[in-house]
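All remarks here apply to the structure that follows.
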Amino acid sequence: MIEIPSDLHKDLVPLAFLLGNWAGAGVHDFPGSEKCNFGQEVTFTHDGRDFLEYHSHSWVLDNDGNKVRPLESEHGFWRIDAGRKVEVTMTRDDGVIEIWYGELADQKPQIDLVTDAVARTAASQPYTGGKRLYGYVKSDLMWVGEKQTPEVELRPYMSAHLKKVVTPEEVERWAKALPDDMPDDGIAFFK
1 MIEIPSDLHK
11 DLVPLAFLLG
21 NWAGAGVHDF
31 PGSEKCNFGQ
41 EVTFTHDGRD
51 FLEYHSHSWV
61 LDNDGNKVRP
71 LESEHGFWRI
81 DAGRKVEVTM
91 TRDDGVIEIW
101 YGELADQKPQ
111 IDLVTDAVAR
121 TAASQPYTGG
131 KRLYGYVKSD
141 LMWVGEKQTP
151 EVELRPYMSA
161 HLKKVVTPEE
171 VERWAKALPD
181 DMPDDGIAFF
191 K
């Protein structure tokens with residue numbers, strides 16, 4: 001269910017499907033790096049201004065699904081204009097700062113992004129750009145990232161399937177919003 005908060009900046013309504021806390025798992029595979037499964041937590045929030053704030057933390061998982069160590073962290077800001085063009089500024093823990101541009105698909109919650117500018121610190125690994133695809137599919141957030149370096153052509157390197165994390169406060173708010181005339185048994189509700 002996509003909720004549009006009453007205090008969401010009007011320009012951000014097309015991105016409302018991203019809002020909230022998400023958690024899940026995915027696969028990381030890029031030449032020169034360890035191939036692994038990873039866990040991820042992503043948060044998209046807003047404060048009434050014309051951008052979404054984005055945080056992502058991922059970690060390597062062992063074969064039993066336990067956290068082993070941090071993998072990657074990102075922080076950024078997402079905007080969208082009247083023409084459905086999306087711009088993202090992002091900083092990563094490895095010393096990379098990126099500007100991404102893309103577009104929200106017509107009639108579906110899907111965003112294609114491509115790097116427009118990349119800045120790196122001296123300590124960062126070689127990186128020249130990437131692509132990302134985010135999609136809201138059956139109430140889940142899925143994404144795939146592609147990456148290129150001077151030595152490796154653009155290729156997929158990470159993808160994840162994330163589920164919405166529901167807080168007790170959200171459950172309480174939803175429960176209070178239920179109509180008073182709800183049936184007493186669960187079966188009658190579906191008739």
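Numbering (full-length UniProt numbering), first residue to last: 1 to 191. Glycine included, each C-beta is placed from N, C-alpha and C at the ideal position.
Under the DSSP assignment, Thr115 falls in the beta strand (DSSP E) whose first and last residues are 110-120. Assigned with DSSP and collapsed to three states, Arg173 falls in helix. Segment contact: the segment 17-35 against the segment 158-172, three or more CB-CB distances shorter than 8 Å; contact assigned.
Under a 10 Å Cβ-count criterion, Gln40 is classified as buried, with 16 or more other Cβ atoms of the shown protein chains found around its own Cβ. DSSP places Pro126 outside both helix and strand once states are collapsed to three, so it counts as coil. Only residues of its own chain outside the window of five on either side were considered, and among them Ala16, Phe17 have a CB closer than 7 Å to the CB of Ile2, listed in chain order. Excluding residues up to 5 positions away in sequence, Glu74, Gly76, Glu98 lie with their Cβ nearer than 6 Å to the Cβ of Met90 in the same chain.
For Ile111, the closest C-alpha among the options Ala119, Arg132, Gln125, Arg120 is that of Arg132.
Ser6 has its alpha-carbon roughly 22 Å from the corresponding atom of Gln107. Taking all protein chains shown into account, Gly102 has 16 or more neighbouring C-beta atoms within 10 Å of its C-beta and is therefore buried. Between Trp78 and Glu87, the gap from beta carbon to beta carbon is short of 9 Å. With contacts defined by Cβ atoms closer than 9 Å, Ala23 and Lys138 do not form a contacting pair. Under the DSSP assignment, Phe30 falls outside any beta strand (DSSP E); it carries neither an H nor an E label. One alpha carbon belongs to Asp116, the other to Gly129, and they sit about 8 Å apart. Counting along the chain, Glu87 sits inside the beta strand (DSSP E) bounded by residues 85-92. Sequence-distant partners of Pro14 (beyond 5 residues in either direction) whose C-beta falls short of 8 Å from its own C-beta, in its chain, are Ile80, Arg84, Leu104.
C-alpha of Leu19 to C-alpha of Pro70: approximately 24 Å in a straight line. DSSP lists no bridge partner for Gly65.
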